[in-house]
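S.K.:
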Amino acid sequence: MNLQKKGKPVVTVLTDEFAALAHAEREALGAPGHPLVIVPHPVGSLSAEEARARAERGLPELLDAVMASSPSGVEKGRR
Amino acid sequence: MPPYIPRAERIEIPDDLIEAVALLHEKGWTEGLPVIPPTEERVARMLAGTNRDPQEEIGVVPPRWAPATVEKVAINAVMAGCLPEYMPVLIAAVEAVAEPKLNLYALQATTGGPAILLIVNGPIRRELNINSGPNVFGEGFKANATIGRALRLILRNIGGAYPGASCKATLGWPGKFSLCIAENEEATSWLPLHVERGFSRDESTVTAISVDSFTRIGEQGSPSAEALLYLMVQCLHRPGAPEAVMVIGPEHAQMLSRAGIDKEKLKNILWERATFTWRDIPEDLLAMRARRRPDLRIARDTVFRLVDKPEDILVVVAGGAGLHSAFLHVWGQTTPTGGSTRSVTKIIKI
Chain A
220 MNLQKKGKPV VTVLTDEFAA LAHAEREALG APGHPLVIVP HPVGSLSAEE
270 ARARAERGLP ELLDAVMASS PSGVEKGRR
Chain B
17 MPPYIPRAER IEIPDDLIEA VALLHEKGWT EGLPVIPPTE ERVARMLAGT
67 NRDPQEEIGV VPPRWAPATV EKVAINAVMA GCLPEYMPVL IAAVEAVAEP
117 KLNLYALQAT TGGPAILLIV NGPIRRELNI NSGPNVFGEG FKANATIGRA
167 LRLILRNIGG AYPGASCKAT LGWPGKFSLC IAENEEATSW LPLHVERGFS
217 RDESTVTAIS VDSFTRIGEQ GSPSAEALLY LMVQCLHRPG APEAVMVIGP
267 EHAQMLSRAG IDKEKLKNIL WERATFTWRD IPEDLLAMRA RRRPDLRIAR
317 DTVFRLVDKP EDILVVVAGG AGLHSAFLHV WGQTTPTGGS TRSVTKIIKI
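As you go down the protein sequences, you meet chains A and B in turn.
Residue numbers for the first sequence follow our numbering, so the first one is 220 and each next one is one higher.
Residue numbers for the second sequence follow our numbering, so the first one is 17 and each next one is one higher.
1. Evaluate the contact criterion for the stretch 158 to 174 of chain B versus the stretch 94 to 109 of chain B: three or more CB pairs, one atom per stretch, below 8 Å.
2. With a threshold of 6 Å, establish whether the CB of Gly-335/B neighbours any heavy atom of the ligand SAH.
3. Could you name each continuous beta strand (DSSP E) segment of 3 residues or more that falls completely within the stretch 145 to 209 of chain B, going from the start of the chain to the end?
4. Using DSSP with H/G/I as helix, E/B as strand and the rest coil, what is Ile-107/B?
5. I want to verify the contact list: residues of chain A whose CB lies under 9 Å from the CB of Pro-79/B, in sequence order.
6. Going straight from the alpha carbon of Phe-292/B to that of Val-319/B, what length do you get?
7. What residue range does the beta strand (DSSP E) around Arg-232/B cover?
8. Are the stretch 236 to 255 of chain B and the stretch 357 to 364 of chain B touching, with three or more C-beta to C-beta distances below 8 Å?
9. In chain order, what residues of the same chain lie with their CB nearer than 6 Å to the CB of Glu-56/B, ignoring the 5 residues before and after it?
10. One question on the structure: do Pro-258/B and Gly-128/B come within less than 7 Å of each other, judged by their Cβ atoms?
11. Between which residues of its own chain and Ala-342/B is the CB-CB distance below 7 Å, once the five residues before and five after are set aside?
12. Any C-beta of chain A within less than 8 Å: which residues of the stretch 166 to 181 of chain B qualify?
13. Select from Arg-271/A, Pro-261/A, Asn-221/A the residue whose C-alpha is nearest the C-alpha of Val-229/A.
14. Within the chosen definition, does the stretch 270 to 277 of chain A reach the stretch 237 to 252 of chain A through at least 3 CB pairs nearer than 8 Å?
15. Could you tell me which of Gly-338/B, Val-105/B, Ala-290/B sits nearest to Gly-237/B, measuring between CA atoms?
16. I want to know whether the stretch 111 to 130 of chain B touches the stretch 204 to 218 of chain B - three or more CB-CB distances under 8 Å.
17. According to DSSP, which residues form a beta bridge with Pro-83/B?
18. Does DSSP put Ile-285/B in a helix, in a strand, or in coil?
19. Name the chain A residues whose beta carbon is nearer than 7 Å to that of Ala-125/B?
20. When you compare the CB positions of Pro-78/B and Gly-191/B, do they come within less than 7 Å of one another, or not?
21. Would you call the CB atoms of Thr-357/B and Ser-226/B closer than 7 Å?
22. Check the Cβ of Pro-365/B against every Cβ in chain A and list those closer than 8 Å, keeping chain order.
23. Whole angstroms is fine: what's the gap from Cys-183/B's alpha carbon to Ala-275/B's?
24. Do Ala-260/B and Ile-329/B have their C-beta atoms closer together than 7 Å?
25. Is the CB-CB distance between Ala-161/B and Leu-134/B below 7 Å?
26. Please compile the residues from chain A whose C-beta is within a distance smaller than 9 Å of the C-beta of Lys-184/B.
Structure, rendered in structure tokens:
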């Protein structure tokens, strides 16, 4: 969030297990609109191939979120 | 002392104690055990234990990042069953946990489920009967039980660490209910923890450190200091934490003292001997360790220590009669910059 204040595009990627914590946290830190990309839990126990597949599936959403978060990417993100 | 004008949210509670406690459980304001309902009158009495302004902010408690005011600390102290005289210890404990280097956000939210161990030093141990003797980690001592419990309620009710939601502890452990000990300074000639850390013997302090488990060390009739050191090293089986806690029973401390070993020497010996190599470690685990500590250039033949430096081992004398000590593993990871958490010692101001 400090990076975001400096104008950098920032997205937090987390698993659904941590969604409640992340939602509470962004409220507590006064950034309710902070973008979250939520992927299914778990990731820690995935094999490298499974992790790659999971990442590829989540990539479009992640890129959209980054574009929307980027000051210069807002227009493109809204295309 | 400024007059107490309550600022905290007030609710109507039933006159019946059982019903009142049930309501507080229902509100989510307990850790599962019955609490004393914090009425205005009881909170005011608790606040008499400190000169601080009830609205003074002691620190901010994550993950809610809510201010812990003296009033809110007192409310949780009432609920936990504290005496007003414990307030200065609790205030210092909150100052300690709010210190950034402890990294309370991570401690509260992690799946690792650590507890925060409070270690009290100095004359206040005697004044408040904080147990440093027999069954020091166990039940039976009001000050230890309720100070530790009050801190847990503060972490929950002010910090908003709710298990399953914002506290992600996979297992947790019973230390999370309450974990407060005092050092048995009278039972040893070794320097007390707070003196090692630059305070004077007649000052009182509280040290907060994040621990996730307890391993008892010792076999009845350990024949020599050398045998005892061997048993200790055998129990130090988890490298990679920023610090470690050794609680040495007074008889063990005497055994070591007789062999010419003081705290500093003990730390050096344990650090020298508790070593690990990576010869048989699986490739992925080796890679992970190496990634975490690029500065150590970890390879298969690297000798790895329990902690980075001997002084990262906290040695505290506590307990009663018997040949027992304990190793408490510190939650968190060693990093090139000192680790993901560091213990904090704060002076207790009366």
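Think of the CB as a built atom: it goes at the ideal place given N, C-alpha and C, for glycine as much as any other residue.
Note that this is a predicted model, so its numbers are computed, not measured.
M.R.: So, from the data block:
1. Flag = yes, the stretch 158 to 174 of chain B and the stretch 94 to 109 of chain B touch.
2. This structure does not include the ligand SAH; it has no bound ligands of any sort.
3. DSSP runs (the beta strand (DSSP E)) wholly in the stretch 145 to 209 of chain B: 196 to 198.
4. Three-state result, Ile-107/B: helix.
5. Neighbours of Pro-79/B on chain A, chain order: Leu-240, Ala-243, Glu-244, Ala-247.
6. Straight-line measurement puts the Cα of Val-319/B at about 6 Å from the Cα of Phe-292/B.
7. Residues 221 to 233.
8. Fewer than three Cβ pairs drawn from the stretch 236 to 255 of chain B and the stretch 357 to 364 of chain B lie within less than 8 Å of each other, which leaves the two stretches out of contact.
9. The answer, listed in chain order, is Pro-22.
10. Contact flag unset, no.
11. Once the five neighbours on either side are set aside, the close Cβ partners of Ala-342/B are Phe-230, Thr-231, Arg-232, Ile-233, Val-263.
12. Under the 8 Å Cβ criterion, the stretch 166 to 181 of chain B contributes Gly-176, Ala-181.
13. Among Arg-271/A, Pro-261/A, Asn-221/A, the Cα nearest to that of Val-229/A is on Asn-221/A.
14. Cβ pair count under 8 Å is below three, so no.
15. For Gly-237/B, the closest C-alpha among the options Gly-338/B, Val-105/B, Ala-290/B is that of Gly-338/B.
16. For the pair of segments examined, the stretch 111 to 130 of chain B was found not to touch the stretch 204 to 218 of chain B: the number of CB pairs separated by less than 8 Å stays below three.
17. The beta-bridge partner set that DSSP reports for Pro-83/B consists of Val-76/B.
18. Residue state, collapsed to three classes: helix.
19. Within chain A, the residues near Ala-125/B are Leu-240.
20. Gly-191/B is positioned such that its CB atom lies no closer than 7 Å to that of Pro-78/B.
21. Yes.
22. Note that residue 365/B corresponds to Lys in the displayed sequence, not to Pro. Those within 8 Å of Lys-365/B in chain A number zero; the least Cβ separation is about 29 Å.
23. Going from the Cα of Cys-183/B to the Cα of Ala-275/B covers about 45 Å.
24. Result yes, Cβ atoms of Ala-260/B and Ile-329/B sit closer than 7 Å.
25. Contact flag unset, no.
26. Here the neighbours are Glu-236, Phe-237, Leu-240.
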